[in-house]
Amino acid sequence: MSIYLLKGRFQDLLRPGVRRLERMGTTANQVTLAAALLSLVVAAIVFAWAPDRPLLYLLLPGWMLVRMALNAVDGMLAREFGQQSPLGAYLNELCDVVSDAALYLALLSVPGIHASLLWAMALLALLTEYAGVLGLLVGASRRYDGPMGKSDRALVIGLAGILLAGGWIGAATVDAGAAIVCLLCAVTVWRRVGKGLQEAGTCSTD
Numbered sequence: 001m002s003i004y005l006l007k008g009r010f011q012d013l014l015r016p017g018v019r020r021l022e023r024m025g026t027t028a029n030q031v032t033l034a035a036a037l038l039s040l041v042v043a044a045i046v047f048a049w050a051p052d053r054p055l056l057y058l059l060l061p062g063w064m065l066v067r068m069a070l071n072a073v074d075g076m077l078a079r080e081f082g083q084q085s086p087l088g089a090y091l092n093e094l095c096d097v098v099s100d101a102a103l104y105l106a107l108l109s110v111p112g113i114h115a116s117l118l119w120a121m122a123l124l125a126l127l128t129e130y131a132g133v134l135g136l137l138v139g140a141s142r143r144y145d146g147p148m149g150k151s152d153r154a155l156v157i158g159l160a161g162i163l164l165a166g167g168w169i170g171a172a173t174v175d176a177g178a179a180i181v182c183l184l185c186a187v188t189v190w191r192r193v194g195k196g197l198q199e200a201g202t203c204s205t206d
């Protein structure tokens, strides 16, 4: 189970705005690059100033929601308005993993945090996306299986930002949350590989 399954309904809400953006000449690649750049800016602000101004941790949930919308928008522009391209495919995957890592590592600013857990989470998050993309190389689809896909991780980081801004949690809770995310990311890698192999095997026997 993953909140990725709600993506269809989310896209329906965004579709009128996407049509307006297309009429304005906005391209999918422009949206992808803008989302990545702004993710780095948000991560830098949180890392540099949130320890002294905890309310800045609210940038994480706010930006995660906006970024989720932008990720849906660039995909819809590409698929529904004929903007798909090899460059766009590269940008979509690379910008996502770089943005994810930056936003997760922004939590290194939490006093007393165990940095190794956040670095491990960033690495395992990258592996989940790599495992998903590898499905295409074995004749399967791009895999989005849970339980800890990109949208799920965004929910966790957003919740952490809210709780940190309110002073309700500290480093110990963030450490525990990162450890759980690491475990669930490992399960996700396992499932994506397994499901990809299963799908590839089914396709090869058709």
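Going by my numbering, 117 is the number at position 117 of the sequence shown; the sequence numbering is gapless. Backbone N, C-alpha and C fix where the C-beta goes; we use that ideal spot for every residue, glycine too.
Taking the alpha carbon of residue i as the reference point, which residue from the options has its own alpha carbon closest?
i: I162; options: G88, L107 and A36; result: L107
i: L200; options: L134, D152 and A178; result: This sequence places Ala at residue 200; Leu is not what is there. Of the listed residues, the one whose Cα sits closest to A200 is L134.
i: S141; options: V193, I113 and V110; result: V193
i: T202; options: P111, E22, R153 and G139; result: G139
i: I45; options: Y104, R79, D12 and A115; result: Y104
i: N29; options: L55, L40 and D74; result: D74
i: D175; options: L117, M64 and A50; result: L117
i: V31; options: L183, Q11, C95 and V42; result: C95
i: L40; options: V156, V98 and A160; result: V98
i: N92; options: G177, S109, A36 and F47; result: A36
i: L137; options: S85, R19, G196 and G177; result: G196
i: P111; options: P51, A101 and L59; result: P51
i: A101; options: A154, R191 and L87; result: A154
i: T27; options: W49, L58, Y57 and L87; result: L87
i: F81; options: Y57, R53, A48 and R15; result: R15
i: A78; options: A115, R53 and V18; result: V18
i: H114; options: Y57, G170, L38 and R53; result: G170
i: R20; options: M76, S109 and A34; result: M76
i: E22; options: V156, Y57, L59 and Q83; result: Q83
With DSSP as the reference, label residue i as helix, strand or coil.
i: D100; result: helix
i: F81; result: coil
i: D52; result: coil
i: G196; result: helix
i: T27; result: coil
i: I180; result: helix
i: G112; result: coil
Would residue i be called buried (16 or more neighbouring beta carbons within 10 Å of its own) or exposed?
i: Q198; result: exposed
i: Y90; result: exposed
i: P61; result: buried
i: M24; result: exposed
i: G158; result: buried
i: L55; result: exposed
i: S85; result: exposed
i: W63; result: buried
i: R143; result: buried
i: L183; result: exposed
i: D12; result: exposed
i: L65; result: exposed
i: A48; result: exposed
i: A43; result: buried
i: A172; result: exposed
Any heavy atom of the ligand GTP closer than 8 Å to the beta-carbon of residue i?
i: A171; result: Annotation note on the ligand GTP: not contained in the displayed structure, which lists no ligands.
**Asked** Counting Cβ pairs closer than 8 Å, one from the region 62–71 and one from the region 113–127, do we hit at least three?
**Response** Contact between the region 62–71 and the region 113–127 is absent, because fewer than three Cβ pairs lie under 8 Å.
**Prompt:** With a cut-off of 8 Å, do at least 3 Cβ pairs link the region 144–154 to the region 186–193?
**Reply:** A contact exists between the region 144–154 and the region 186–193.
**Prompt:** Does the region 166–173 touch the region 129–142, meaning 3 or more C-beta pairs lie closer than 8 Å?
**Reply:** No: the two stretches stay apart, fewer than three of their Cβ pairs being nearer than 8 Å.
**Request:** Could you tell me which uninterrupted alpha helix (DSSP H) segments, each at least 4 residues in length, are contained entirely in the region 134–178, listed from first to last along the chain?
**Result:** Entirely contained in the region 134–178, the alpha helix (DSSP H) runs reaching 4 residues are, in chain order, 150–165.
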